[in-house]
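Peer 1:
Protein chains: 2
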Amino acid sequence: MNSAKHPIQAVQRTLDIVDVLKEKREARVTDIADELDFSKGTIHCHLATLEQNGYVVKNGQQYSLGLQFIDLAHHATDRVDIYDITRAEVDKLAAESGEMALFTVEEHGEGICLYKAEGEDAVQTELYVGYRNELYHTAVGKVLLAFMPEERREEIIRETNFEQITPNTITDPGKLRAQLTEIRERGIAYNHEETIQGLVGLGAPIRDQDGTLYGAVSLIGPVSRMEDERLTEELPKLIRRAVNIVEVNITSL
Amino acid sequence: MNSAKHPIQAVQRTLDIVDVLKEKREARVTDIADELDFSKGTIHCHLATLEQNGYVVKNGQQYSLGLQFIDLAHHATDRVDIYDITRAEVDKLAAESGEMALFTVEEHGEGICLYKAEGEDAVQTELYVGYRNELYHTAVGKVLLAFMPEERREEIIRETNFEQITPNTITDPGKLRAQLTEIRERGIAYNHEETIQGLVGLGAPIRDQDGTLYGAVSLIGPVSRMEDERLTEELPKLIRRAVNIVEVNITSL
DNA sequence: ATTAAATGTTTGGATGTGTCAAACGTCAGT
DNA sequence: ACTGACGTTTGACACATCCAAACATTTAAT
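Top line first, the protein sequences correspond to chains A and B. Residues 1 to 253 (UniProt numbering) are what the first sequence spells out, left to right. Residues 1 to 253 (UniProt numbering) are what the second sequence spells out, left to right.
(1) Tell me, please, which residues DSSP counts as bridged to residue 27 (chain A).
(2) Would DSSP call residue 234 (chain B) helix, strand or coil?
(3) For residue 13 (chain B), which of helix, strand or coil comes out of DSSP?
(4) Only counting the same chain, and skipping five residues up and downstream in sequence, which positions put a Cβ closer than 8 Å to that of residue 199 (chain B)?
(5) Under 9 Å between beta-carbons, which chain B residues line up against residue 102 (chain A)? List them in chain order, please.
(6) Thinking just about the alpha-carbon of each residue, which of A:136, A:97 and A:59 is nearest to the one in residue 162 (chain A)?
(7) Would you mind telling me which residues of chain A sit closer than 7 Å to residue 221 (chain B), beta carbon to beta carbon, in chain order?
(8) On a Cα-Cα basis, can you pick out the residue from A:25, A:15, A:75 and A:24 that is closest to residue 53 (chain B)?
(9) Determine, using beta carbons only, whether residue 55 (chain A) comes closer than 9 Å to chain B.
(10) Among residues of its own chain, excluding the 5 on either side of residue 77 (chain A), which ones have a beta-carbon nearer than 8 Å to its beta-carbon?
(11) Under 8 Å by Cβ, that's how I've got residue 27 (chain A) and residue 63 (chain A) pegged, so tell me the actual separation to the nearest angstrom.
(12) At a cut of 8 Å, does the region 17-25 of chain B reach the region 103-113 of chain A through at least three beta carbon pairs?
(13) Cβ of residue 50 (chain B) within 9 Å of Cβ of residue 80 (chain A)?
(14) With contact counted as at least three CB pairs below 8 Å, one residue from each stretch, are the region 88-101 of chain A and the region 235-247 of chain A in contact?
(15) Do residue 143 (chain B) and residue 188 (chain B) have their beta-carbon atoms positioned less than 9 Å apart in this structure?
(16) Hey, out of B:75, B:45, B:218 and B:13, whose CA is closest to residue 37 (chain B)'s CA?
(17) How many angstroms separate the CA atom of residue 216 (chain B) from the CA atom of residue 141 (chain B)?
(18) Across which residues does DSSP place residue 113 (chain A) in a beta bridge pair?
(19) For residue 74 (chain B), return the contacting residues in chain A, with the cut-off set at a CB-CB distance below 7 Å.
(20) So is residue 205 (chain B) buried or exposed if we call it buried at 16+ other beta carbons inside 10 Å?
(21) Pull up the distance between the alpha-carbon of residue 24 (chain A) and that of residue 153 (chain A), whole angstroms please.
(22) For a contact defined as C-beta to C-beta under 9 Å, what are the partners of residue 10 (chain B) on chain A?
(23) Does DSSP put residue 203 (chain A) in a helix, a strand or coil?
(24) Under the three-state reduction of DSSP, which class applies to residue 214 (chain B): helix, strand or coil?
(25) Report yes or no: is there a C-beta of chain A within less than 9 Å of the C-beta of residue 232 (chain B)?
(26) In the structure shown, what three-state DSSP assignment does residue 36 (chain A) receive?
(27) Check each candidate in B:74, B:121, B:130 and B:158 and name the one with the smallest Cα separation from residue 97 (chain B).
(28) Using 9 Å as the limit for Cβ to Cβ distance, is residue 77 (chain A) near chain B?
(29) Do you know how far the Cα of residue 128 (chain A) is from the Cα of residue 170 (chain B)?
(30) For chain B, check one thing: does any of its Cβ atoms lie closer than 9 Å to the Cβ of residue 22 (chain A)?
(31) Between residue 2 (chain B) and residue 180 (chain B), what straight-line distance do the alpha-carbon atoms span, to the nearest angstrom?
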């Protein structure tokens, strides 16, 4: 992520304010001014500008994010051509497996969940559509890393700040690269309690005939149900079938 | 919508750029510079700032909206307490009626679609989650107007720019007010081909015991299926049931 | 190949604008 | 009525934004 030479400070400030509103859900002028260490007057002007454009809502003294962002989100998703097809397949996948199924895409070196479907027995996680996570410790993340162009992969790995989230989290770039090679051979990536203890995930890439990566589909479930042949045979088969259907449809776009 | 006394121009410019990207889906620096009548250098700096923050993505020369807006959209929706409950009921409503069911909320004098469920025979419209429309010519819109505080209603009507979208569109504030009174009595609003020829809609408000308005639920279908007792009895009954369930759950928040 | 034409990017300098501190207005609680 | 806390407005100064032009880079054409 090459940083801008001449970032526009006023805009940066506004984006920081939006970020605070995202974290806090609601905030007053003074709250934000304290948090970001700016004068009340400045924050006020920024919020007023945002409000005028519908990006912020004011309830009494409390400001919060406006629903207009949903509109922007829709238009952003519009760029993902396979969204509709994949969505349908992820629904099926969730129904067939009973687990939670996800569709994730890479952007700016992060994995962004674009769709989530819950099967009958799906685990409850704080994962939501729009959720962003680091690539190195999830199944989809490792899939995306494995199948993206090498230079980009190395760039992302170089900029990754490895954290030992659980005992199983991979924190060594070398080990990660080795596992990515395996994943390229097998076509399936696993997450063995590397993100959350007790949770296992597996994912596969969506690619066209040229090998261009479009995203990844995954299943997440409790370790108790994710073992033996179900984990190594049954569920991978379901995912591969779902992914194949999407891939067939890519050409017709 | 009281305009800001001292809007921050640089921020306004960035928001205008975002708007162009929303409309065009993809655009180059020059495209945007021409469209907004700014120098290329200026647009470049703004885009660089946005990209650095993940709000914009660059593919070669083409810029487009980043998926990070989905994250913001999620947090904005978070503010709508009844979202989850209503969503479930709208799903049922669509299944029962076979038509398209919607959940809409008012913000900044506009109706914003927060959830959409398609029944078996649902009409296909360009309506999407996040879609914003004027209140005066839709069923949900009229519901929201009818049940909001009077001063706010008058403020919105005063600022409304009435357009004759179809022959049936109400363009007279007086007539609109009269119909809103009816709607308050009946508890159901109709849209008789006022937005799109051939499409009929009906909606009801979601309110708590104090009468505070939370949003509206509606059904949309082709005029051929939306007539006689189905329109005046059957469908209103379904909607009322859905709305009631949500309303009961409001108190437990 | 070589040139030409668009484009993205960077630069420096003049203008105009964002920022702050302080004053003002408003509201809630005592 | 008074106090405190907050949002809003004001005015003036510092400096950030913007433009035009030069530069770099890519694409198209000859």
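In this text, a Cβ means the ideal position worked out from N, Cα and C, and glycines have one as well. Quick caveat: nothing in here was measured; it's all calculated off a predicted structure.
Peer 2: Concretely, from the data shown:
(1) A:63.
(2) Residue state for residue 234 (chain B) is assigned as helix, using DSSP reduced to three classes.
(3) Per DSSP, reduced to three states, the secondary structure at residue 13 (chain B) is helical.
(4) So the list reads 123, 125, 191, 193, 220, 221, 222 and 223, once near-sequence residues are dropped.
(5) Within 9 Å Cβ-Cβ: nothing; residue 102 (chain A) doesn't reach chain B, min ~14 Å.
(6) When A:136, A:97 and A:59 are compared, the shortest CA-CA separation from residue 162 (chain A) is found for A:136.
(7) In chain order: nothing, as chain A lies at least about 22 Å away.
(8) Residue 53 (chain B) has its Cα closest to that of A:15, out of A:25, A:15, A:75 and A:24.
(9) By this cut-off, residue 55 (chain A) is an interface position.
(10) Only residues of its own chain outside the window of five on either side were considered, and among them 83 and 114 have a CB closer than 8 Å to the CB of residue 77 (chain A), listed in chain order.
(11) That pair is a contact at about 6 Å.
(12) Result no; under three Cβ-Cβ pairs closer than 8 Å.
(13) Not a contact, by the Cβ cut-off of 9 Å.
(14) Flag = yes, the region 88-101 of chain A and the region 235-247 of chain A touch.
(15) In this structure, residue 188 (chain B) lies near residue 143 (chain B), with their beta-carbon atoms less than 9 Å apart.
(16) Of the listed residues, the one whose Cα sits closest to residue 37 (chain B) is B:13.
(17) Those two C-alpha atoms are separated by around 8 Å.
(18) According to DSSP, which records beta bridges pairwise, residue 113 (chain A) is partnered with A:104.
(19) Within 7 Å Cβ-Cβ: 128, 129 and 130.
(20) Buried.
(21) In a straight line, the C-alpha of residue 24 (chain A) is about 33 Å away from that of residue 153 (chain A).
(22) What residue 10 (chain B) touches in chain A: 8, 9, 10, 11 and 14.
(23) In the three-state reduction of the DSSP assignment, residue 203 (chain A) falls in the strand class, which pools E and B.
(24) Here residue 214 (chain B) carries a strand assignment [DSSP, helix/strand/coil].
(25) With 9 Å as the cut-off, residue 232 (chain B) does not count as an interface residue toward chain A.
(26) It is helical.
(27) The residue from B:74, B:121, B:130 and B:158 with its alpha-carbon nearest to that of residue 97 (chain B) is B:121.
(28) Judged by the 9 Å Cβ criterion, residue 77 (chain A) is in contact with chain B.
(29) Going by the C-alpha atoms only, they are around 40 Å apart.
(30) With 9 Å as the cut-off, residue 22 (chain A) counts as an interface residue toward chain B.
(31) Below a pLDDT of 50, predicted positions are generally treated as unreliable, and residue 2 (chain B), at 45, falls in that range; no measurement from the model is reported.
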